[in-house]
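With full-length UniProt numbering as the guide, the letters of the sequence shown map in order to residues 1 to 538.
The beta-carbon is built from N, C-alpha and C at its ideal position, and this holds for glycine as well.
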Amino acid sequence: MSDTTLLLGGRIHSPGSPDATAMAVKDGTIAWVGTDTVGRALHPDADIVELDGAFVAPAFVDSHVHATSSGLLLNGLDLTGCASLTEFLHALRDYVAEHPGRLVWGHGWDESWWPEQRPPTRAEVDEAAHGAPVYLSRIDVHSALVSSALLDRAPLAKGAEGWDEQGPLTRVAHHHARSAARESLSPLQRREAQAAFLRHAASRGIASVHECAGPDISGADDLADLMMLSRQGGVPEVVGYWGELGALETGRALGAKGLGGDLFVDGALGSRTAALREPYTDSPTTSGVLYLDADAIAEHLVDCTRNGVQAGFHVIGDAGVAEVGEGFRRAAQVVGTPALASSRHRLEHLEMIDGELAGELAGYGVVASVQPCFDSSWGGTSRMYASRLGPRRGARLNPFSELASSGLVLAFGSDAPVTPLGPWEAIRAAVHHRTEGFGISPRAAFNAHTRGGWRAAGVDDGVTGTLVPGATATYAVWNVDEFVSPVQDSRVRRWSTDSRSGVPDLPDVSPEARLPRCLRTVLRGETIHQRDPGDEDQ
1 MSDTTLLLGG
11 RIHSPGSPDA
21 TAMAVKDGTI
31 AWVGTDTVGR
41 ALHPDADIVE
51 LDGAFVAPAF
61 VDSHVHATSS
71 GLLLNGLDLT
81 GCASLTEFLH
91 ALRDYVAEHP
101 GRLVWGHGWD
111 ESWWPEQRPP
121 TRAEVDEAAH
131 GAPVYLSRID
141 VHSALVSSAL
151 LDRAPLAKGA
161 EGWDEQGPLT
171 RVAHHHARSA
181 ARESLSPLQR
191 REAQAAFLRH
201 AASRGIASVH
211 ECAGPDISGA
221 DDLADLMMLS
231 RQGGVPEVVG
241 YWGELGALET
251 GRALGAKGLG
261 GDLFVDGALG
271 SRTAALREPY
281 TDSPTTSGVL
291 YLDADAIAEH
301 LVDCTRNGVQ
311 AGFHVIGDAG
321 VAEVGEGFRR
331 AAQVVGTPAL
341 ASSRHRLEHL
351 EMIDGELAGE
361 LAGYGVVASV
371 QPCFDSSWGG
381 TSRMYASRLG
391 PRRGARLNPF
401 SELASSGLVL
411 AFGSDAPVTP
421 LGPWEAIRAA
431 VHHRTEGFGI
441 SPRAAFNAHT
451 RGGWRAAGVD
461 DGVTGTLVPG
471 ATATYAVWNV
481 DEFVSPVQDS
491 RVRRWSTDSR
501 SGVPDLPDVS
511 PEARLPRCLR
521 TVLRGETIHQ
531 RDPGDEDQ
């Protein structure tokens, strides 16, 4: 067997080589890119992989996931398709009947889509659950419906901030209930869920995921198990983040890349816990909740910067974003802007932000880890954002073009299970934003979901996330129906759409197009997903 693999007869997405059809890989590194004839001459003894016209591109990175809860959704109670309160209760009742005697972990309900326009009461959940402990997170995972049987395992939830006698739990009460549900899972259930999630990620052309863990979201044991599973190989790489203040030793012990991810500055719009400057339109008595103030944010940034650790925060509402901005200003006064910028701290979601603050944060070297499918799911003038915030505010979320033009590093993710793993769906959503002028070019979106993800984790060597000689052989092979050439686009620099620039074509991501289907995913030369030849092309 040769130590070189030669891929032939495809379309290789390589910068400056738009006509490349072949690629040689040696010892997990790309050794050469070019045409078939030259490839055969240069590597006569290589093992040949016939691509049969398939598209080879850098593998995707998902910059924000929750592996265990996403894996549980693959085999658990998936409520994302429920179109009404009645359908929800039927789904719960059926699941309990099929899985007697075990914890019910479900996710994905969204009452804003239902004709009833309300979630079920605890009494309705109890009736459908027949005594089973039930934890059912809302689509945004910042509130949950729980059964009385689960609350018996979470006594601290009762009366805590966010407690409700009959409705969903939010804030501190939700954290207690989620912890009780998580602790009710066996180690085997957790590992099976994690393995299922990572296999699924690989099947979507994803070679690396950033796990956003923390004491309120998943637990240290959960992250440790996931990191160990990743190190065993055969699955996507896991980059771990631990969202806790003052937890340098914990982060180091876990092997976490940084103290960030879901370190909550505020909550989420769907649960009306994102911190706003003005009250919620559909609930004028609340403006959300601020979990961290500027002093706490600054202290965390200073601590992490001085210790060479990447910091980060979950922040969504405009009041929360403003607090983060002030935190960065105060931290810069202590450690200096260059030190902050070299640390490449992260902000997750960053949905309500204006151009001026985006530019300021770019000066601090901030990475914007954002989720385009939030807009396709809830954006525009008639969906959940508009209901919560009114059409004017609701249509101005997730301004990707403004974030990109400000100089922020963009990294795309799913926040799975909040939205499903789907890199091409995310690229489509980023290009075809529901608000005119807020989208970005296909090339910029593709880079944010490939190279941008590596840069978000501190890998910025100039080649990782591309298919060029010297880069690691981390790529995916796709069946693609149609390609489109770069065209002039005011949202990107003109050179990138000039045919002389050598920018290769990308698959068509227009709303009516069928998106690419993954045939194979490779991480550093190791195949981590191979589609079964018998699988349908869908």
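Whole angstroms are fine: how far does the CA of Pro44 sit from the CA of Pro516? If you take the alpha carbons of Pro516 and Pro44, they lie about 31 Å apart.
Does the Cβ-Cβ distance between Ser208 and Thr474 come in under 9 Å? For Ser208 and Thr474, yes; Cβs fall inside 9 Å.
Would you mind reading off the limits of the beta strand (DSSP E) that contains Ala473? Element bounds for Ala473: n/a, residue is neither H nor E.
Quick check on this structure: which residue in Ile297, Ala123, Ala129 and Pro120 has the alpha carbon closest to the alpha carbon of His99? Check the Cα spacing between His99 and each of Ile297, Ala123, Ala129 and Pro120: the tightest is with Ala129.
Can you list the alpha helix (DSSP H) stretches of 4 or more residues lying completely in the segment 223-266, in chain order? Given a length threshold of 4 residues, each whole run of the alpha helix (DSSP H) inside the segment 223-266 is given here in chain order: 248-254.
Beta strand (DSSP E) runs wholly inside the segment 123-154, at least 3 long, in chain order: Counting only runs of 3+ residues, the beta strand (DSSP E) found wholly inside the segment 123-154 occupies 134-138 and 143-146, in chain order.
Determine whether the beta carbon atoms of Ala22 and Leu8 lie at a separation below 9 Å. For the pair Ala22 and Leu8, the CB atoms are nearer than the 9 Å cut-off.
Whole-number beta carbon distance between Gly162 and Leu169, since they are thought to touch under 8 Å: Yes, they are in contact, since the Cβ atoms of Leu169 and Gly162 sit about 6 Å apart, within 8 Å.
At 3 residues or longer, what runs of the beta strand (DSSP E) sit wholly inside the segment 348-425? Runs found: 367-370 and 409-412.
Per DSSP, Trp114 forms a beta bridge with which residues? DSSP lists no partner for Trp114.
Entirely enclosed beta strand (DSSP E) segments - the segment 57-115, minimum 3 residues: Listed in chain order, the beta strand (DSSP E) runs fully inside the segment 57-115 are 60-65 and 104-109, counting runs of at least 3 residues.
Where does Asn479 fall in DSSP's three states? Strand at Asn479.
Compute the Euclidean distance between the alpha carbons of Thr286 and Val335, then round it to the nearest angstrom. Straight through space, the alpha carbons of Val335 and Thr286 are spaced by roughly 36 Å.
Just how far apart, CA to CA, sit Gly108 and Asp140? Gly108 and Asp140 have their alpha carbons spaced roughly 8 Å apart.
Pick out whichever of Arg392, Ala456, Asp508 and Gln189 has its Cα sitting closest to the Cα of Val61. Nearest option by C-alpha distance: Ala456.
List the whole-angstrom C-beta distance separating Val503 from Pro58, where the pair is believed to meet the contact cut-off of C-beta under 8 Å. Contact doesn't hold; Cβ gap of about 14 Å is too wide.
Ignoring anything shorter than 4 residues, give me the alpha helix (DSSP H) runs that lie fully in the segment 285-316, in order along the chain. Counting only runs of 4 or more, we get 294-306.
By DSSP's criteria, Val522 is part of a beta bridge. Which residues make up the other side? DSSP, once it has assigned bridges, lists Tyr475 and Thr527 as partnering Val522.
Assign Val366 to buried or exposed, taking buried as 16 or more other Cβ atoms, counted over all protein chains shown, within 10 Å of its Cβ. With 16 or more other Cβ atoms within 10 Å, it is buried.
Sequence-distant residues of its chain with Cβ nearer than 6 Å to Ile353 (five each side left out): Only Val321 meet the Cβ criterion.
Would the beta-carbon of Asp282 fall within 9 Å of that of His349? In this structure, His349 does not lie closer than 9 Å to Asp282 by Cβ.
Identify every residue that forms a DSSP beta bridge with Lys26. For Lys26, which the question treats as bridged, DSSP gives the partners Thr4 and Thr29.
Buried or exposed: where does Pro119 fall if 16 or more other Cβ atoms within 10 Å of its Cβ makes it buried? Pro119 is classed as buried because its beta carbon has at least 16 other beta carbons within 10 Å across all chains shown.
Using only the alpha-carbon positions, how far apart do Glu299 and Ala268 sit? Glu299 and Ala268 have their C-alpha atoms spaced approximately 24 Å apart.
Which of helix, strand or coil DSSP assigns to Ala54: The answer is coil: DSSP assigns Ala54 none of H, G, I, E or B.
Give the range of the beta strand (DSSP E) segment to which His210 is assigned. If you look at His210, you'll find it in the beta strand (DSSP E) that goes Ile206 to Ala213.
Quick check on Arg11: buried or exposed, where buried means 16 or more other Cβ atoms within 10 Å of its Cβ? Counting the other CB atoms within 10 Å of its CB gives Arg11 a total of 16 or more, which places it among the buried residues.
List the whole-angstrom C-beta distance separating Gly89 from Glu124, where the pair is believed to meet the contact cut-off of C-beta under 8 Å. Going by the sequence as given, residue 89 is Leu instead of Gly. With a beta-carbon spacing of about 6 Å, Leu89 and Glu124 fall inside the 8 Å limit used to define contacts.
Looking at C-alpha atoms only, which residue of Gly28, Val49, Ala296 and Trp105 is the closest neighbour of Asp36? Among Gly28, Val49, Ala296 and Trp105, the Cα nearest to that of Asp36 is on Val49.
Opposite Pro18 in the DSSP bridges: which residues? In the DSSP assignment, Pro18 forms no beta bridge with any residue.
Just how far apart, CA to CA, sit Asp461 and Cys518? Spanning the two alpha carbons is a distance of roughly 27 Å.
Could you compute how far the alpha carbon of Arg392 sits from the alpha carbon of Ala386? Distance from the CA of Arg392 to the CA of Ala386, rounded to the nearest whole angstrom, comes to 8 Å.
Look at the alpha carbon of Val468 and the alpha carbon of Gly16, and state the distance between them as a whole number of angstroms. Rounded to whole angstroms, Val468 and Gly16 show a C-alpha spacing of 9 Å.
Using the Cβ count rule (16 or more neighbours within 10 Å means buried), how would you classify Arg494? Model confidence at Arg494 stands at a pLDDT of 41, short of 50, so the residue's coordinates are unreliable; what they give is reported in the following sentence. The residue is exposed, with fewer than 16 neighbouring Cβ atoms inside 10 Å.
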